[in-house]
Structures are given as structure tokens and as C-alpha cells.
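Residues 385 to 1521 (our numbering) make up the sequence shown, in order.
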Amino acid sequence: MSSLSRELVFLILQFLDEEKFKETVHKLEQESGFFFNMKHFEDQVQAGEWDEVERYLCGFTKVEDNRYSMKIFFEIRKQKYLEALDRHDRAKAVEILVKDLKVFASFNEDLFKEITQLLTLENFRQNEQLSKYGDTKSARNIMLLELKKLIEANPLFRDKLTFPPFKTSRLRTLINQSLNWQHQLCKNPRSNPDIKTLFTDHTCTPNNGARPPPTNSPLVGPIPKAGAFPPIGAHSPFQPVVSPSASAIAGWMSSTNPSLPHAAVAAGPPGLVQPPNAAAAFLKHPRTPTSAPGMEYQSADSEHLMKRMRTGPSDEVSFSGATHPPNIYSQDDLPKTVVRTLTQGSNVMSMDFHPQQQTILLVGTNVGDIAIWEVGSRDKLAYKTFKVWDVTACSMPLQTALMKDAAISVNRCIWGPDGSILGVAFSKHIVQIYTYNPTGELRQHLEIDAHIGGVNDIAFSHPNKQLCIITCGDDKTIKVWDAVGGRRQYIFEGHEAPVYSVCPHHKEAIQFIFSTAIDGKIKAWLYDCLGSRVDYDAPGHWCTTMAYSADGTRLFSCGTSKEGDSHLVEWNESEGAIKRTYSGFRKHSLGVVQFDTTRNRFLAAGDEFQIKFWEMDNTNILTTTDADGGLPASPRLRFNKEGSLLAVTTSDNGIKILANTDGQRLIRMLESRAFEGSRGPSEPINTKPQIVNALAAATNVSAPLAASLERSDRIPPPVSMSSLQATMDSSRTADIKPRISDDVDKTKSWKLSDIVDSAQLKALRLSDPLSSGKIVRLIYTNSGLAVLALASNAVHKLWKWQRTDRNPSGKSTASVAPQLWQPNSGTPMTNDISESNPAEESAACIALSKNDSYVMSASGGKVSLFNMMTFKVMTTFMPPPPAATFLAFHPQDNNIIAIGMDDSTIQIYNVRIDEVKIKLKGHQKRITGLAFSQAMNVLVSSGADAHLCVWSIDGWEKKKSRFIQAPPGRSASLVGETKVQFHNDQAHLLVVHESQIAIYDSKLECLRSWSPRDALSAPISSAIYSCDGLLVYTGFCDGAVGVFDADSLRLRCRIAPTSYIPPSVSSNNSVYPLVIAAHPSEPNQIALGMSDGAVHVVEPPDGESKWGAPPPQDNGTLPSLPSNAALSSQASEPPTR
385 MSSLSRELVF LILQFLDEEK FKETVHKLEQ ESGFFFNMKH FEDQVQAGEW
435 DEVERYLCGF TKVEDNRYSM KIFFEIRKQK YLEALDRHDR AKAVEILVKD
485 LKVFASFNED LFKEITQLLT LENFRQNEQL SKYGDTKSAR NIMLLELKKL
535 IEANPLFRDK LTFPPFKTSR LRTLINQSLN WQHQLCKNPR SNPDIKTLFT
585 DHTCTPNNGA RPPPTNSPLV GPIPKAGAFP PIGAHSPFQP VVSPSASAIA
635 GWMSSTNPSL PHAAVAAGPP GLVQPPNAAA AFLKHPRTPT SAPGMEYQSA
685 DSEHLMKRMR TGPSDEVSFS GATHPPNIYS QDDLPKTVVR TLTQGSNVMS
735 MDFHPQQQTI LLVGTNVGDI AIWEVGSRDK LAYKTFKVWD VTACSMPLQT
785 ALMKDAAISV NRCIWGPDGS ILGVAFSKHI VQIYTYNPTG ELRQHLEIDA
835 HIGGVNDIAF SHPNKQLCII TCGDDKTIKV WDAVGGRRQY IFEGHEAPVY
885 SVCPHHKEAI QFIFSTAIDG KIKAWLYDCL GSRVDYDAPG HWCTTMAYSA
935 DGTRLFSCGT SKEGDSHLVE WNESEGAIKR TYSGFRKHSL GVVQFDTTRN
985 RFLAAGDEFQ IKFWEMDNTN ILTTTDADGG LPASPRLRFN KEGSLLAVTT
1035 SDNGIKILAN TDGQRLIRML ESRAFEGSRG PSEPINTKPQ IVNALAAATN
1085 VSAPLAASLE RSDRIPPPVS MSSLQATMDS SRTADIKPRI SDDVDKTKSW
1135 KLSDIVDSAQ LKALRLSDPL SSGKIVRLIY TNSGLAVLAL ASNAVHKLWK
1185 WQRTDRNPSG KSTASVAPQL WQPNSGTPMT NDISESNPAE ESAACIALSK
1235 NDSYVMSASG GKVSLFNMMT FKVMTTFMPP PPAATFLAFH PQDNNIIAIG
1285 MDDSTIQIYN VRIDEVKIKL KGHQKRITGL AFSQAMNVLV SSGADAHLCV
1335 WSIDGWEKKK SRFIQAPPGR SASLVGETKV QFHNDQAHLL VVHESQIAIY
1385 DSKLECLRSW SPRDALSAPI SSAIYSCDGL LVYTGFCDGA VGVFDADSLR
1435 LRCRIAPTSY IPPSVSSNNS VYPLVIAAHP SEPNQIALGM SDGAVHVVEP
1485 PDGESKWGAP PPQDNGTLPS LPSNAALSSQ ASEPPTR
């Protein structure tokens, strides 16, 4: 519909309103969708006319349009439901629940269950969240305030909330003007014309009464209609105008958004940006709806926005929302001095610096190798040759491609946002994802058969706050994958040629992806199924990549045509047009030119056997360097995050590292810290210095590899070519194991932390006036805002931290005391107790729902399901015997629970239908641990028989079992409580027994173990992974706590009981931590549940963010440390065979 047609609707709306056609006015508002009448909406809501409310809303949005719309409909239907409950009209409430609220169950099942539970209450105000619900009128008024905020924030409404300003009776005025003009054209105009109809053009009747000539008479000719009301859209000067949209993407350029290092976007797609005044108006509106419990939905943009994106550049005059102050720069800021030369051994195809560690460089080559270099020391921290991890999982096209030609190349390798994960895209079908340990160890995480043909690019993004992998390939598609399990979430189709690069970005709630294809097309996609939002042509019409300045305000692209003409340009974001084109490229470049940006100032590109630099505001070349020669025609290059180092490929299969003054200082600091002096270039390079952050003081962080792991991975795969074998043999010289003498030097500089005094940490004993019994189970809530304990007397205790000036986040901390929360009734959550077996002698178990709303618990009696808001029992089940001893929620269905029993069975129980699906039998004694792995699709169980079993989740058959190994020197078979916990990678398993902590792999092979000795000689009482999986916290029966490195099980830190237990209590040697809980988001915070009923929260002291320092790796036995001989040899034992 043209803009004049739209304006005509507004004129009609005004006319109908003035003529008091009220119902017709609102019907037209709804059917046209041009104007949302907030006053009418408020009146209908306050009157409780819910059907009319929804009918009116549906003219503007649907439930599934976006999260704002979903929240609007949810609030309306929830209010309708609560009013039915308040009237005690249960039949109507059930009808609303089934017909209206059921649609939300697929988005938030837990919330739907909680709403359903209200039917069981005599008065829904018994629910804590609804306790302040007043009468119907006040509740509707409160809801209206919420709805108005949501509507104003919803991009589908934002240009429809204001009626255009024009004079009253505007339609009548226009008709009168038209009639006046027609009257002027009359052949016999009368002084007082009689207007009888608007259906035909006006003419005056002749005074003598004669009939006027027909309008089509050839003698008279057609009567001009220049002043008549025109056919809509007929005026050529009034082309349809795209009005400034205040949609969700408006104003993207008006505020900076720091992007990930080298992330391929930070602003909005070209042509999407509004003038600054539109952006400013938009930013006044709320952007995020007030929270509903657990509800988060991906935003969808408005129909108007889609049209705007598809129309391309308009003829309007528009301005970029971002202004760029003049850069103050010096050529000394550019890294042009060669400080390192690294020999990779094969042609380097892709490079990426670590986002946090400025001197760690990831490299991928043309034979499928990847390597991680510490460029300061020239050490290769990790090295992997290409091999398919699981051939049986490969598609037939991939297997066929590998059989025809085993050669494979890395097309792109890139770090994840925090550097803990990296992705590699290969020239045949697959993507491999590794997890990266700060010690330099790479672990296989995911292998995805992603595309048919080559995978040309890979990137990471965070839609819906979930880390995802984005890939593109020769099959002309872009795909989005879950970074945890590798499940495909989206596929974007629309390119007509292989997709060359992808560039994801987020701005507030909006997520999108740029993509470029080898036909030169640039497209943009939102995370939905509505197709591409823009379609532009890149200069060169061939291979193009896009990137943003570090602050995310300026968009650049660089590409090369098939004829070899290269184009480096900056885009005008508001128009989708090229803002400036940088000059200085060779006429016919040899290869595809690569580029990068740094410091919001400089651009660099590889061309003509050298590196060319531009200042962003100047299209002429600033300077060039040939890096002392040896560069290929179009070298690849990459800046580190700070812009102090620049890696560039060489023609002899190597890499040169160029540095500016800051970079040279960083390199020198590395050398002096690691070797206490300079080293000549001819000295063998086989030691690994610590990794240094350029912004912080150097710390003793060693980064060698586990030799056995890396050596096995360095064997060339059977499909490798002979040339690959030769390459591998020649490259091993850079990967030899560190010399023992060097490790001894490093060991001398490392001192184990032994915390014995309260001044060396932050510890807080949580207040509890009714402390009684032991703390037998302890967990943090998933939000990290509270700690829940279960005592041996079957009573639960919940401590909540409040938001204060000292603790604005409201998260748990040892610096601020929490409140012991009690329900209004004063009755604590208490488990059912077996009459035949006292609670103190029963095995307790507890499990918390993902949204912290419910807790399932047992203390020898029935299993109880509590509402965490009210502390009330929702239901009980599973009366003993047998009694429940361990609980674990199924990872994919919260209604399915694995329940370990004291008769050694495991019952798979469906809460919804109150039915045991199957009983698993494989243990001889009671079940003491259960852990699900969604990645491996298994359940691992452990028992008091020290036996481990692996069960398939699909059919619940037992796949494997074994007894845990006794530590050296202990000949008797092990018995006693055994716990299990999966690492974040869902593949490695922590096994805890009083005799040891051990790490097992997916095949139940023991990789490493540690048993009590020396200063930590007491039996182990509990152990748990830190939330990031880098540490293992272990409690001992003498009150001590050990902090171990999760990979090596080497001791980092010992926390003596005297440091956190008050002197009046510590004199009693029987007090110790029965259970340890790890904070869900703070890896260095733990809570200790004590044998005397106390709970302590413990953190490193202010000024220190971590416990101790990483222990050094060795090639053999570490020497004793005279300063702390009792703690010096806390290394883990290799598994006995």
C-alpha cells in the first residue's frame, strides 16, 4: 500500500471518529493495522472484555511474532485465568488453561506447570509470587502498566502508537477544495452551486434550464480534474516513501558496541540504520520487557522492518548514526618490526590470535594441521594433524570424498569468544571443535558433518545467550549449530553460489548474520525462517570478507574479483552504499587479498608481496612494509586484540610476527620472565615460558602439553598422503618435550599455596540460630543467589543474598551475609522420615529444578517435591522400602527422574504419570551417585560397592561396568560411598571415593588419580568440579580442603581448617566438610557443609581472583621443595594396569 493510501486510512479514521462511528473506527484500526488505539485498548482491558482485547491485538501482532508479543498475550491470558480462579470458576479456569495458556508450555514448561499447580490451591494467593494480588480492578490496572511498556518496546507497534498530527475534519476540507476546483472549471458557474453528490464530478446546471452538455462531448472535451481528489498514488512527485522506522534495528549505529576480537560484525546491515533523530526517539522506549519467570524468547522484527530491509537504499537523505572523531595516530602505532619467525612446515591458510592471551596464535594449514603457538617463546603449545574422529558417524558423501582424495585443508580456524574453545573449518564437509585448556591442552569436543563440499568459514555467536557455531559452505547454505551438543538449530538458504564467509553480530536483543557468496552477493539473516533481509552486491563480485572496527561502529569489506582487481571499502550503514574506497592495490592481484582492522584506526591488507596500511579516514595508503622480505604475493595477516602484534604468512611455509613498541616490550617481558635473560636465536627452542597477559603482571603459568596425549595425536592418520608424512616428520623438531633441567628451574620458582590463616582467604559462616545435625547435602541454586542445605534431621535451610550497595548483583559472596529465609508459616521444608530408620542414619538426597522453582528431596522416607517459593510440599511419592538414596533429573525431560535406591537398584520414574518405567540392576550395594551425559546419551551410576555402571538413555541397557581401582599400597578391594560427576565436556568423569579422586574417560578407563598422603592424608569426604571445569575441590575428614588442577589432579592449594573454622570450633578435630558445593558461575567460590551443622562460604582474598597457581608439569618426578616438603609431591598417579 502506498503512503498516500495509508494516509487516506488515517483521514477516514478521523472522519469516522468525528461522526461517532466508534465500533467502525476500532474495526478499521484493527483491520488496517496502521494505528493502535491505546485508549480503546485500556478501556477494553479495564472492562475485562478479553475476547475483544485479543481480537483487537491480532490486527497488529500474533502470539508467536516475538518475545514482546508473546509476553503481552501471556499477561492477558494469565489475568483472565487468575480472575476465573478468584471467582472459584474452576471449569472456566481449566478451559483457559487448556485453550489459551497451553501454547506457552512449549516455550517454558516449568512455568506452565507452576500455573497449573494454582488449580490445586484453595486461594492462588498462597503462591508467594501472587501473594500481593489485590482485587480485580487493581490487578487489571497493574497489568495495564506492564502491557503499555511491552507494547511501546515491541518493534511491531512502535510506529503505530501515535496518530499523525493534522487539522480536524481534514477529509471534509480536501473534498471541499476538490469541489471548489471543479466549480471553477464549470462552463456556466453559478454563484450558489447546489452540490448534490460526490459520486460524479461537479458541474453547474445552466441558468436557462438547458441540459448541460455531456462530459464526453467531443465539442467540449474532457473536463480537467487537476484539482479533484486524485487516484491514490497517481501523483508522480509523491512516490511511496519509506518512513523512518523505530523498529528494533533502528539506531544500531548510534551507540557503540564493543565486539569480539576480529568478530565479523558489530553494527547493522547496510541500509538498516535510521537518521540520528529517529534513533534517539527510539532509544527513549524501553528495550526489554519486565521479567516473567524463566521466559526468554528470540525477537522477531516487524513487517515494516522486513520491507525496509528488502527495498534496499532509498532516495531519502539520511545520515549515519555514528560519528567518528578524527583519529590521532602515529605510524609508530603500527606493528612493522619483525620480532619472530616461526616455521610451520606447511602453507598457512588461516590464523587467529587468542582473545585474551595476546601472544597465543592459532594456525591452520593446507594439509589439515592446526597448531597453537606461543609467539613470544616460539613454542608450539599444541599440534594436531587432521583425522576424522569418528568415521562411522560420517555421511556417505564425506566418506566417498575422503576415499577419492585424502588431501584436506583448513579453510578457517577461529577462537571462541573467551578463548576456551576453538573451531576449525575444513575443505571437505566437516567442522571440528576443540576445548582449550590454559595449560595448552586441546581436547576433542565436537565433530560436525556440516556441509556438502567445503566448509568455507566458521564463527561463534550468542543467540538467546547460548553459544552457537555458524558455518557456511559450498552447498550454498549457512547453518547454526548448538556449541554444546552439535545439534543444528537453523539453516539459511537463499544464496545462488557457494557461501564464502559469515559475519555474526548482536545488538541488544537483535541477532543477525551477514554472509557473502562467490557471486558477490551480500545477504543478512535473522535467527528465524523468514529468509534474507538484504541483498547487495559486493565490489568485485567474487570472494569478499566483511569486518568491523574494534568498537563496532564502522563496517569494512575486502574482496578480489576473478580478474584480480581488489577492493577495500567502507560502507555507509544507513544507505547500504559504499562510503569510501581505499586506493593502492596492484592492478591484478595474485590471489585473494586478505585484510584486518585494528585499534579503530588502521586497516591492513596483504598485496604485492608486502603489507599495506591505511588510516581509516584516508583512502590513500599510509605506509607499507615487506617484513624483511619472503612474503607471498597476497600474504594472510592477523592482528592481536591490542593491535601490538601482527602475524603474516611467508612464502616458505612460515609465519612472521611483527610488533610495534608495545609488542616489542611484551616480547621482551616474556623472555626475561621465562629465562631470566636473553637467548640467542640459534639456541634450541624447547622450553615453554609462562603465558602473560599484556595488561597484567606476569604470573607463573606453565603451558606444556600432556606428552602422552599429544604424542598419540601426532601420528599421521591412515588416509594421509606421503607428503603429509614427510611434513610431519620434519615438523616434530619443534614439538619435542621440554628439558627436565628447565622444568626444575620452573619448579623452583613455583610455591604451593598453603592457606592456614583467616587473613589468607574470605570465609563466611552462614548464620543459623537453629543449627542442629550434620549438613549432608548442599547445593547452590542455579541462579547463584542462594544456598540450599539439607541437614541430617531432614530439615532444609535456604540462605538468600539480597541486592545491596555492597552486593549490587545479589549473588552469593563471602563478603556479605545472606538471610536465612523462612516461609510466613514458619514451618521449614522437612522431608518425610521412615518410622523404622531414623533420619540421621538414612541416606539423604536432593535435586533442584533448572529454574530453581522446585526441589526434590528425600531423607529415608518418601520422596518429596517442594515449591521453593512457599516451602510447601507439592506431592510425595516412592514410599520405602526401598528408600531413595540419590536423585538426578533427566537432561532432556524434567518429568523423568533417575532415583537410586538403597536396595542397589535404579528406578527410572515418570513424575507426570506416577509410574516407574524401568528398574536398572547392576550394583550390589546402595546407589550413591548418578550422573547424566547428554552428549554421550548415557547415565553413569556408582554405588557403595565402589562399582561404576554405564547405562544407555535410549534403551536403558547396561553398556559397561567396572570397579574403581584401589590406590597403590592398598590391596583389599574397595567399598564405601562413591560419587560421580561429569565434566563440562560431558565426556570425562570425576569419581570420588574416600581413598581417591580419579578422572575416567567415556570408556570407563582411569586416566589419572590422586590418593591422600602427606599433608592431606585424611580420608576424602567430598569432591566436586568448579563450574568452569578447571578445578576440583576436595574435602577431607580432618577439615582440610584441597584445590586441584582438574586436568592433572595436581594440588594447587591447601586450605587448612584453621583458616575458615573459628578457633572455638576448630579445637574439635571431628569437625570437617561432609559436602562441598561449587558456585554455578564463580569458579573460585565454594560452600562447605560441615559435620557440626554449619555452612561456610569460602573465596580467595580480595586482590586475588584464583586459588594458588597452576602447578608445573614435569617429565618425571618433581624434586622436593625444601620450603614445603610435606606438600611438594602431590602429583597424581598414572592408572595401574
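Cβ coordinates follow ideal geometry from the N, Cα and C atoms, glycine included.
Pairwise C-alpha distance: residue j and residue i
i	j	result
ALA922	TYR884	12 Å
HIS846	ILE798	15 Å
ASP585	SER562	9 Å
ASN1002	TYR966	8 Å
GLU391	PHE419	11 Å
ASP841	ILE897	13 Å
PHE457	THR500	17 Å
VAL1076	PHE1428	Annotation note: pLDDT 33 at VAL1076 (below 50); position unreliable, coordinate value reported separately. If I take the Cα positions, the gap works out to 22 Å.
GLN566	PHE550	24 Å
ALA1402	GLY800	41 Å
GLY652	LEU529	In this prediction, GLY652 has a pLDDT of 39, which is less than 50 and means its spatial position is unreliable; what the coordinates show is noted afterwards. Rounded to whole angstroms, GLY652 to LEU529 spans 32 Å at the Cα level.
THR589	LEU569	13 Å
ASP449	ASP427	24 Å
GLY1168	MET422	40 Å
Own chain partners of residue i with C-beta closer than 6 Å, once the 5 adjacent residues on each side are dropped
i	result
ALA1371	SER1386
PRO779	For the record, residue 779 in the displayed sequence is Ser; it is not Pro. Taken in chain order, the residues that qualify are ASP833.
HIS424	HIS410
MET1213	HIS1180, PHE1250 and PHE1255
GLU992	ARG970
Within 8 Å, strictly: CB atoms of residue i and residue j
i	j	result
ASN511	MET1240	no
ALA329	THR981	Residue 329 lies beyond the residue range present for the chain, which begins at 385 and ends at 1521; the question has no answer from this structure.
GLY1423	LEU1435	no
GLY760	THR743	yes
GLY803	HIS738	yes
ASN750	MET733	yes
ILE814	VAL794	no
GLY1306	THR1362	no
ALA1175	SER1193	no
VAL722	LYS1040	yes
ARG872	LYS863	yes
Own chain partners of residue i with C-beta closer than 8 Å, once the 5 adjacent residues on each side are dropped
i	result
ASP949	GLY924, PHE969, LYS971, HIS972 and SER973
GLN1308	SER1288, GLY1327, ASP1329 and HIS1331
MET1285	PRO1266, ALA1267, ALA1268, THR1269, GLN1291, ARG1310 and ILE1311
CYS1437	LEU1136, SER1137, ASP1138, ILE1139, GLY1426, VAL1427, TRP1491 and GLY1492
ASN525	GLN430
Integer-rounded CB distance, given that residue j should sit under 8 Å from residue i
i	j	result
GLY1013	LEU1029	About 19 Å separates the two Cβ atoms, so there is no contact after all.
ARG1190	SER1199	7 Å
TYR1384	GLY1419	Contact doesn't hold; Cβ gap of about 20 Å is too wide.
SER1142	SER1443	6 Å
LEU1204	TRP1183	6 Å
THR1165	LEU1232	7 Å
Near the ligand GDP: residue i beta-carbon under 7 Å from a heavy atom
i	result
ASP1429	The ligand GDP is absent from the structure shown, which contains no ligands of any kind.
Own chain residues within Cβ distance below 7 Å of residue i, not counting five before or after
i	result
ILE832	ILE814, VAL815, TRP865 and GLY870
GLY1360	ALA1328, ALA1330, HIS1377 and GLU1378
Which runs of the beta strand (DSSP E) at least 3 residues long sit entirely within the segment 1244 to 1268? Give them in chain order.
1247 to 1251 and 1257 to 1261
As an exercise, report each continuous alpha helix (DSSP H) stretch of at least 4 residues that is fully enclosed by the segment 494 to 535, in chain order.
none
Give the list of continuous beta strand (DSSP E) stretches no shorter than 3 residues that lie fully inside the segment 1387 to 1473.
1390 to 1394, 1404 to 1409, 1415 to 1420, 1425 to 1429, 1435 to 1439 and 1457 to 1462
Quick check on the DSSP output: what are the complete alpha helix (DSSP H) runs of length 4 or more inside the segment 974 to 1001, in order along the chain?
none
Runs of 4 residues minimum, wholly inside the segment 719 to 793: which ones carry the alpha helix (DSSP H) assignment?
780 to 788
Where in the segment 1197 to 1242 do unbroken runs of the beta strand (DSSP E), each at least 3 residues long, occur, reported from the N-terminal end onward?
1203 to 1205, 1229 to 1232 and 1238 to 1242
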